[in-house]
Amino acid sequence: MNTNFWPPLQVIANARIAQGILYTFDLEVLKCSFFVGLFRTEYVKRIEEKISVIVLPTYPRTFSHLSVEPTKFAGVKYLPLPNAIQKQLVGVVMALTLEIEKWFKSHRYIVRDDNLDLQNKVSWFSFGIIDRLQTARNFIQDENLNIRERFHLACIYYFEDDVQMLWRNMSTSDRFYVRRRLPRTRSLELWLQILHRNSPLNWEEILRHERLGFFGSNTLGMRRYFAYLRSPQIRRQCISFALGKAHHFDLYSCLRLINIGELNAMFHYLPIVKICELFQSFLQWPFQIIFLDIVNDFQRHINEDVFHGLVTFILGYKLGMGCKDHPYVNLFRRFWNLLSARYEDYVENHKEQYVLVKYVLENSNEFNIREYFILMDTNFFQNRI
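Under my numbering, the very last position in the sequence shown is 397; numbers go up by exactly one each time.
See the structure below:
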């Protein structure tokens, strides 16, 4: 892939501040309660309060001097962060909270303890994404955790040495539990066969006989095994299964290993919905900064249906949900200007949506989220009559 993600200092700084704020909350509660009605409203309010008291000195200072409770120096004035930065920081904290919630949802049948000690176990990249491989290692190496769960994690993430070691150290009853009680996937069946034969993983054999079942139940481990996929056809099948299921960072990590020619060929085999999901993955934190570069690289594969799908996603989800982690109004305007000459007529046929398009474009400098919500509700109601 031609476009690589290199997080700028602003993204890293926002992620660092957001993680500091996130860790003032109980992650064990957030992992499963974030999107529950009044809890979410109260949580957002508390985030806003914490960000509002962050202050900066009025003279240039390094990032390390940012403080919630500043040391007072004679003659130095401290000012709160500008409103625009405060709003974006709220959005970044929400994005990191969503990371916690996504991690928990995708691992809730693997690590089952009520208290997972997430604050000490979860490992983060500097740009505000959970490093799922390192986090899995942290749990696997925790001898206080149930050995069956550690084994299950090692299997899911293809840490072969850990799988072998944990299997050797298991009691007979633990092995029985693994065989009979763990969620039955083709991946686990393959591991049990390998352990029974006392042989190493044979990727050539696995990929020759197990593609459909293997990829369908192995999106969590794709960062570990994708490099073993040797043929374009197999890589294409893996990506196709992963779209809409895998974490967007895992997907990106695999896409960047594929050259541009192979990626262009891959698009010809993907259905419209999968192409939309691929582009949408670059509208997730923190990849929004390269979304337009990805669009430019692959715009030959954007037809009217894909364009309409992405317009719908930005208007309905990113703006419609009030996401603040990125300036989506500006992103939408640039995306629209890039491709609307070809596809505006198609979107215009969807009259209720085109009203939203015009509002965003005409009010991009003074966008009012409350007015936008009212307009969305009005159009939805009229469309239902």
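Cβ coordinates follow ideal geometry from the N, Cα and C atoms, glycine included.
Can you tell me whether DSSP reads residue i as helix, strand or coil?
| i | result |
| --- | --- |
| residue 141 | coil |
| residue 91 | strand |
| residue 115 | helix |
| residue 461 | Coverage of the chain is limited to positions 13 through 397, which leaves residue 461 absent and any answer about it impossible. |
| residue 18 | coil |
| residue 168 | helix |
| residue 339 | coil |
| residue 67 | strand |
| residue 27 | helix |
| residue 149 | helix |
Let me know if residue i comes out buried or exposed under the rule of 16 or more other beta-carbons within 10 Å of its beta-carbon.
| i | result |
| --- | --- |
| residue 233 | buried |
| residue 384 | buried |
| residue 65 | exposed |
| residue 283 | exposed |
| residue 393 | Residue confidence is low: residue 393 scores 44 on pLDDT, short of 50, so the model does not pin down where it sits. No coordinate-derived value is stated. |
| residue 381 | exposed |
| residue 15 | buried |
| residue 188 | exposed |
| residue 196 | exposed |
| residue 111 | buried |
| residue 374 | exposed |
| residue 199 | buried |
| residue 289 | buried |
| residue 27 | buried |
| residue 333 | exposed |
| residue 96 | exposed |
| residue 245 | exposed |
| residue 107 | buried |
| residue 184 | exposed |
| residue 174 | buried |
| residue 340 | buried |
| residue 327 | buried |
| residue 21 | exposed |
| residue 365 | buried |
| residue 190 | buried |
| residue 202 | buried |
| residue 285 | exposed |
| residue 269 | exposed |
Just how far apart, CA to CA, sit residue i and residue j?
| i | j | result |
| --- | --- | --- |
| residue 165 | residue 148 | 7 Å |
| residue 210 | residue 204 | 10 Å |
| residue 219 | residue 390 | 52 Å |
| residue 182 | residue 132 | 26 Å |
| residue 163 | residue 134 | 18 Å |
| residue 150 | residue 120 | 16 Å |
| residue 145 | residue 356 | 42 Å |
| residue 387 | residue 369 | 11 Å |
| residue 117 | residue 231 | 14 Å |
| residue 23 | residue 180 | 44 Å |
| residue 238 | residue 250 | 8 Å |
| residue 157 | residue 127 | 11 Å |
| residue 379 | residue 123 | 43 Å |
| residue 8 | residue 214 | With the chain represented from 13 up to 397, any question about residue 8 goes unanswered, as that position is not in the structure. |
| residue 25 | residue 335 | 19 Å |
| residue 303 | residue 345 | 13 Å |
| residue 98 | residue 31 | 14 Å |
| residue 177 | residue 193 | 20 Å |
| residue 307 | residue 301 | 12 Å |
| residue 349 | residue 294 | 18 Å |
| residue 241 | residue 101 | 39 Å |
Just checking my contact of residue i with residue j at CB under 8 Å: how many whole Å lie between their CB atoms?
| i | j | result |
| --- | --- | --- |
| residue 313 | residue 359 | That belief does not hold up - the Cβ atoms of residue 313 and residue 359 are roughly 18 Å apart, past 8 Å. |
| residue 227 | residue 253 | 4 Å |
| residue 343 | residue 372 | The pair is not a contact, with the Cβ atoms about 10 Å apart (cut-off 8 Å). |
| residue 130 | residue 43 | 7 Å |
| residue 287 | residue 318 | 5 Å |
| residue 138 | residue 212 | The pair is not a contact, with the Cβ atoms about 34 Å apart (cut-off 8 Å). |
| residue 125 | residue 159 | That belief does not hold up - the Cβ atoms of residue 125 and residue 159 are roughly 13 Å apart, past 8 Å. |
Given a cut-off of 8 Å, decide if residue j and residue i are closer than it, judged by their beta-carbon atoms.
| i | j | result |
| --- | --- | --- |
| residue 17 | residue 299 | yes |
| residue 236 | residue 266 | no |
| residue 56 | residue 337 | no |
| residue 114 | residue 280 | no |
| residue 255 | residue 311 | no |
| residue 13 | residue 263 | no |
| residue 92 | residue 67 | yes |
| residue 325 | residue 292 | yes |
| residue 33 | residue 59 | yes |
| residue 88 | residue 70 | yes |
| residue 171 | residue 152 | yes |
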